[in-house]
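Working notes for the structure below.
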Amino acid sequence: MSKLNVGLLGFTGTVGAATLGPLIKAHEESKLNLVILYRESSDLSKLPSDIDLQKRVVYLDEQGTEKTREAVKDLNVIISTVNGEGIYRQLFLLDALKGSDNLKTLIVSDFGANWTKEEQKNKALSPINTKLDVVKKANELGVPVTSVRVGILDLFFYAYKFLGTDVNNNKIETFNDSLNQPLRITSLEYVGNAVTQLIQTPEKIANKYIGLYDIEVTGQQVIDVLTKLHGKPTEVTEYTRERYEEDLKTLPSAIGAEIRKRWGNGKWDNEDNKQVDNLKVDTPGYKLKSFEELTKQYL
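Residues 9 to 307 in this note's numbering are what the sequence shown spells out, letter by letter.
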């Protein structure tokens, strides 16, 4: 049985960098053949120099479709983790993949929450619609795609304090019933390892929405862990409805506000007319961490 040819586009980004390591490990173990897809402006020095990886240029514009088609024609799986303008430019990648005999699935750059149609109407959240447009065009062209959805990435919860929780200063902000409702946290290490496992059976994830999160914790459990680690009571403040309404007006605060809403009402799988398969992926070689263990990494 021949090895899967797997392309990674966007290896320098937050999710891309987290996925690169597990993919390289699988490549070295001969579980797949990893191909690095990059744009001419990419910094290849961030790739390990001691590992022999194929590298191919892709042109994400109308003029470069044929060159890109040649670069991806033998790939069975492509993982796209591009961000910013790159999300829109995936539309040109789809043109190059149309009619491919080898492609089993393209994991489009999503790695966000499930969004309702009402939330999609918020102009501040318009970049979300770009991601949805990519999937829509893929369906129109007959290109098999997979969308990976997450809770909140650990980097955003801990380092960026996206939900108002400051683990270093022992503080938490609560909203609605977040003390009792679960927060879904998706660690970047888990994403990288889980995606690497999932793509090895691409026929099982093609044309599906996959939900990945490795930690589920209530607000009270967050408080209990922080109190334990700091040896003193955690400072608890309320995230008010007024702040929520104000945060909805701009990015990135609008995303944080809507994640807070999910934590406060427990409704994570609420995207209209979408079946999201929440998977607990076995990740050989990577041991899942508890919330306390993960928190210690950020202290």
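Note that the Cβ used here is the ideal one computed from N, Cα and C, for glycine as well.
Values in this document were obtained by computation on a predicted structure and should not be read as measured data.
As a quick exercise: from the options, pick the residue whose alpha carbon is nearest that of residue i.
| i | options | result |
| --- | --- | --- |
| Ser38 | Asn13, Trp123, Gly21 | Asn13 |
| Leu102 | Phe299, Leu133, Lys125, Glu148 | Glu148 |
| Phe19 | Ser57, Gly72, Ile231, Ile87 | Ile87 |
| Gly293 | Ala202, Leu287, Thr235, Leu105 | Ala202 |
| Leu191 | Gly274, Ile213, Pro135 | Gly274 |
| Leu307 | Val43, Leu234, Thr154 | Leu234 |
| Tyr247 | Gly227, Thr209, Ala104, Lys236 | Gly227 |
| Leu111 | Asp58, Ile213, Glu253 | Ile213 |
| Lys236 | Ile193, Asp280, Thr303 | Thr303 |
| Gln208 | Lys54, Ala34, Glu126 | Ala34 |
Verify the CB distance criterion: does residue i have a CB-CB separation below 8 angstroms to chain B?
| i | result |
| --- | --- |
| Asn278 | In the structure shown, chain B cannot be found, because there is only a single protein chain. |
Starting from residue i and walking both ways along the beta strand (DSSP E), at which residues does that stretch end?
| i | result |
| --- | --- |
| Asn15 | One point to set straight first is that residue 15 is Gly, not Asn, in the sequence displayed. Gly15 -> beta strand (DSSP E) spans 12-17. |
| Pro190 | 190-194 |
| Glu243 | 243-246 |
| Glu181 | 179-182 |
If you check the beta carbons only, do residue i and residue j fall under 8 angstroms apart?
| i | j | result |
| --- | --- | --- |
| Gly15 | Val80 | yes |
| Leu161 | Leu206 | no |
| Leu256 | Asn130 | yes |
| Val85 | Val116 | no |
| Phe164 | Arg268 | no |
| Thr291 | Tyr166 | no |
Classify residue i: buried if its beta carbon has 16 or more other beta carbons within 10 angstroms, exposed otherwise.
| i | result |
| --- | --- |
| Leu52 | exposed |
| Asn176 | exposed |
| Tyr217 | buried |
| Ser134 | exposed |
| Gln98 | buried |
| Thr113 | buried |
Contact check, residue i vs residue j under 8 angstroms by CB: the rounded distance?
| i | j | result |
| --- | --- | --- |
| Gly262 | Ala132 | What sits at residue 262 in the sequence shown is Ala, not Gly. At roughly 4 angstroms, the Cβ-Cβ gap stays under 8 angstroms, so Ala262 and Ala132 are in contact. |
| Asp118 | Lys139 | 5 angstroms |
| Tyr96 | Gly159 | Actually they do not touch by this definition, with Cβ atoms about 25 angstroms apart. |
| Gly200 | Thr27 | 4 angstroms |
| Asn278 | Thr124 | 6 angstroms |
Would you give the residue range spanned by the alpha helix (DSSP H) that residue i belongs to?
| i | result |
| --- | --- |
| Gln305 | 299-306 |
| Tyr96 | 93-105 |
| Gln229 | 227-238 |
| Ile267 | 261-273 |
| Ile136 | 134-149 |
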